[in-house]
Amino acid sequence: MVVKLVISLIIFAVLNGILVWELLWSAEPMSGKVRKRFFAAVNAAALLASLAVFIWFEL
0 MVVKLVISLI IFAVLNGILV WELLWSAEPM SGKVRKRFFA AVNAAALLAS
50 LAVFIWFEL
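Counted from 1, the sequence shown has number 30 at position 31 by numbering that gives the first Met the number 0; the numbering is strictly sequential.
Here it is as C-alpha cells:
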C-alpha cells in the first residue's frame, strides 16, 4: 500500500513539476482561463495515472 502511495505522489510531483516549468519558462503568455484549464488537465492526467497504478498493483 505504501509503495502505491509513493508512486502516486511521484506521478503527481513529476507532472506538476512539468506544469510549473512550462508556466514559468513558456515563451508564449497564457491567459488565466487557459492556465486553469492546463492545471486541471495535468492534474486529471496525474489522477488517472495514479488510479492505473493502484489497479495495476492489485492484479
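We put the CB at the ideal spot given by N, CA and C, even for glycine.
The structure presented is a predicted model; accordingly, all values stated were derived computationally and were not measured.
request  = Leaving aside the five residues before and after L14 along the sequence, list all residues of the same chain whose C-beta is less than 7 angstroms from its C-beta, in chain order.
outcome  = Correct list, in chain order: V41, A44 and A45.
request  = Determine, using beta carbons only, whether L22 and R34 come nearer to each other than 9 angstroms.
outcome  = yes
task = Identify the continuous alpha helix (DSSP H) that holds A45 and give its terminal residues.
result = G31 to E57
inquiry  = Please state whether the Cβ-Cβ distance between I10 and A48 is less than 9 angstroms.
reply    = Contact flag set, yes.
ask   = Can you name the start and end residues of the alpha helix (DSSP H) that S7 belongs to?
value = In the DSSP assignment, S7 falls within the unbroken alpha helix (DSSP H) covering V1 to W24.
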